[in-house]
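Report on the structure given below.
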Ligand SMILES: [Zn+2]
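Numbering (our numbering), first residue to last: 1 to 92.
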């Protein structure tokens, strides 16, 4: 019987074969949700969805795109925002 804290479904069960040949169950927390654009809500590309201790192993450049607002808004919304900042849309 697993420890009481592992009996809840908030822990993902992962079956692993260990070097001795035994099959054991590892308990892992689930994956976090993917990052989304702050304007349109689309999933952001180039932003890993991992637990903080896994993200801490990555370099800063591996955590979000290296451009203004990278990891906050998507490329489409950024392109539109820059365009509208330079040439505001005509309001009728
Ligand atoms: Zn967007």
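Glycine included, each C-beta is placed from N, C-alpha and C at the ideal position. The model shown is predicted, which means the values in this text are computed figures rather than measured ones.
Query: Residue 63 CB to nearest heavy atom of ligand 1 below 7 Å; Result: no
Query: Residue 17, enclosing beta strand (DSSP E) - first and last residue; Result: 11–17
Query: Residue(s) in a DSSP beta bridge with residue 24; Result: 16
Query: Beta-carbon proximity of residue 50 to residue 32, cut-off 8 Å; Result: yes
Query: Exposure label - residue 73; buried when at least 16 CB within 10 Å; Result: buried
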